[in-house]
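Asker: Can you read through this structure? Questions will come right after.
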Amino acid sequence: MTKIKICGISRVEHAHAVAEAGADFMGLVFAASKRQVSPQTARQIITALDDYENRPETVGVFVNTPPADINNIAAFCGLDWIQLSGHESWEYCRQIEKPAIKVIRVSNADDTAKIISELSIGSKVLNDRSFICLLDTDIRGSYGGTGHSFDWKVAAGISERYPVIIAGGLSPDNVEQVINTAAPWGVDVSSGVETGDSKDISKIQAFVRAVRRTDEEDTNTP
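Count along the sequence shown from 1, add 217, and you get the number used in my numbering.
Given below as structure tokens:
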């Protein structure tokens with residue numbers, strides 16, 4: 218089944234919606250962003266999900282933050298994963314204590330072979346440490362959450378070799394297309410489940426339903 222990550226959660230009620238919808242991951246942004254949360258707020262949001270038997274795993278999103286600070290925040294908040302959305306090197310990733318999601322940005326100039334080569338280097342540097350690659354759209358001056366997509370065909374060959382999460386411009390209306398085009402390990406949405414500047418619970422539910430429906434259709438296809 219395709220893993221689902223709902224990112225940019227900043228309120229407890231939206232965290233409940235993510236858990237109740239059945240998403241696999243919930244992202245909390247610690248980097249400068251309109252969705253940014255403090256460690257104290259993040260801890261409150263994560264603690265609010267303690268009673269869920271199958272609560273989503275929590276992902277802290279950071280941009281070019283000192284590794285020691287990330288490790289301290291992860292321990293304080295109870296994060297399960299760390300997403301590195303800046304210009305962090307593979308050597309930098311080795312200093313992160315939690316499992317890592319490494320963002321690689323895709324532009325029109327990028328191709329499948331180039332990204333596979335980059336991930337091959339990462340695998341060698343990290344050795345036996347597991348990591349997941351998140352492919353997002355390369356927008357100058359932005360570190361994510363732009364609502365813009367890239368050519369999903371670029372990801373198709375990559376997802377055959379590595380666990381890949383696709384982000385950038387996803388919504389309940391197009392997530393079926395990206396799954397059928399690239400067969401990613403996971404999908405990530407933030408602005409695509411918002412109305413205005415706030416998460417929309419009905420859109421979160423619709424996104425999860427669309428992914429699960431697509432997975433079921435693919436399973437039943439001869």
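Don't be surprised by glycine CBs; every beta carbon is placed ideally from N, CA and C.
Just so it is clear, the structure is predicted and the values come from calculations on it, not from any experiment.
When the distance is taken between beta carbons, is residue 403 closer than 8 Å to residue 220?
Answerer: Yes. Within cutoff.
Asker: Alpha carbon to alpha carbon, how far is residue 334 from residue 323? Give it in angstroms, no decimals.
Answerer: Spanning the two alpha carbons is a distance of roughly 14 Å.
Asker: Identify whether residue 168 lies in helix, strand or coil by the three-state DSSP scheme.
Answerer: The chain is shown only over 218 to 439; residue 168 falls outside these bounds and no answer can be derived.
Asker: Who are the Cβ neighbours of residue 238 in its own chain at under 7 Å, not counting the five residues just before and after it?
Answerer: The residues are 421, 422 and 425.
Asker: Got a sec, what are the start and stop residues for the alpha helix (DSSP H) residue 435 sits in?
Answerer: Segment 418 to 437, the alpha helix (DSSP H) holding residue 435.
Asker: Among 300, 391, 297 and 277, whose alpha-carbon lies nearest the alpha-carbon of residue 446?
Answerer: Because the chain spans 218 through 439 in this model, residue 446 falls outside it and cannot be assessed.
Asker: Secondary structure at residue 253, three-state DSSP: helix, strand or coil?
Answerer: Three-state result, residue 253: strand.
Asker: Quick one, are the C-beta atoms of residue 282 and residue 243 less than 8 Å apart?
Answerer: Contact: no.
Asker: With 16 as the cutoff for other CB atoms within 10 Å, does residue 257 come out buried or exposed?
Answerer: Label assigned to residue 257: exposed.
Asker: Please report the residue range of the alpha helix (DSSP H) in which residue 374 lies.
Answerer: Where residue 374 is concerned, the enclosing alpha helix (DSSP H) stretches over 370 to 376.
Asker: Of all the alpha helix (DSSP H) runs that stay within the bounds of the stretch 259 to 326, which reach a length of 4 or more residues?
Answerer: Whole alpha helix (DSSP H) segments, 4+ residues: 284 to 294 and 307 to 310.
Asker: Cα-Cα, which of 233, 336, 287 and 225 is closest to residue 312?
Answerer: For residue 312, the nearest C-alpha among the options comes from 287.
Asker: Rounded to whole angstroms, what's the CA-CA distance from residue 253 to residue 414? Just pull it up for me.
Answerer: Cα to Cα, residue 253 sits roughly 12 Å from residue 414.
Asker: Secondary structure at residue 398, three-state DSSP: helix, strand or coil?
Answerer: Three-state result, residue 398: helix.
Asker: Should residue 240 and residue 223 be called a contact, given that it needs their Cβ atoms to be closer than 8 Å?
Answerer: Cβ distance < 8 Å, so residue 240 and residue 223 count as in contact.
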